[in-house]
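Chemist: Sharing a structure below in structure tokens format, with a few things to ask.
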Amino acid sequence: GVAIYDTAQQVIRTKNTASDKDLLIVQPADLDGMLRQLPHCRAVLTAGQLATKVFSEHFGIKEKPEMGGYAEFQFEGRRLRLYRMPSSSRAYPMAVEKKAEFYRKMFDEIL
């Protein structure tokens, strides 16, 4: 199955843009709690620069994966993958077909 979650519970948009760089996280999401609720989860994807930064820092992932690639990490004895995907935001300048190809490749690997 697939689940959708966010890296922040509450944010402030500091400017009237769709860019991650203009978001201030007021309350981060409970990422540990999310993974505990999903004991069979084997992979997580982040879509966008801020989500990747927040997730990587939280779980101590030192090397940011290439776009479409993954980094492995440990959580409570489980080995998981963090996939870095392009943002779906209109502020991220990439053709939707190219974005879709990154997602197709990831789903082929994990499903």
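Going by our numbering, the sequence shown opens with residue 599, and the numbers climb by one from there. Glycine included, each C-beta is placed from N, C-alpha and C at the ideal position. In this text the structure is predicted, and so the values were computed from the model without any measurement.
#1: Can you give me the C-alpha to C-alpha distance between GLU707 and VAL642, rounded to a whole angstrom?
#2: Return the bridge partner residues of ALA641 from the DSSP annotation.
#3: Going along the chain, which residues of its own chain have a beta-carbon closer than 8 Å to the beta-carbon of LYS619, five neighbours each way excluded?
#4: CB-CB under 6 Å to LEU629, same chain, minus the five flanking residues each way: which ones, in chain order?
#5: In the DSSP assignment, find the unbroken beta strand (DSSP E) run with ARG611 in it and report its ends.
#6: Please state whether DSSP places GLU546 in a helix, a strand or coil.
Modeler: Quick answer:
#1: Position 109 of the sequence shown, counted from the start, is the residue given in the question as residue 707. Position 44 of the sequence shown, counted from the start, is the residue given in the question as residue 642. For the pair GLU707 and VAL642, the Cα-to-Cα distance works out to about 12 Å.
#2: Residue numbering aside, residue 641 sits at position 43 when the sequence shown is read from its first letter. In the DSSP output, where bridge partners are listed per residue, ALA641 has ARG679.
#3: Working through the sequence shown from its first residue, we reach residue 619 at position 21. Contacts found: GLN647, LEU648.
#4: Within the sequence shown, residue 629 is the residue found at index 31, counting from 1. The residues HIS656, in chain order, have a CB closer than 6 Å to that of LEU629 in the same chain once the five nearest residues on each side in sequence are set aside.
#5: Along the sequence shown, one-based indexing puts residue 611 at 13. Secondary structure note for ARG611: its beta strand (DSSP E) is the uninterrupted segment 606 to 611.
#6: For residue 546 there is no data in the structure shown, the boundaries of the chain being 599 and 709.
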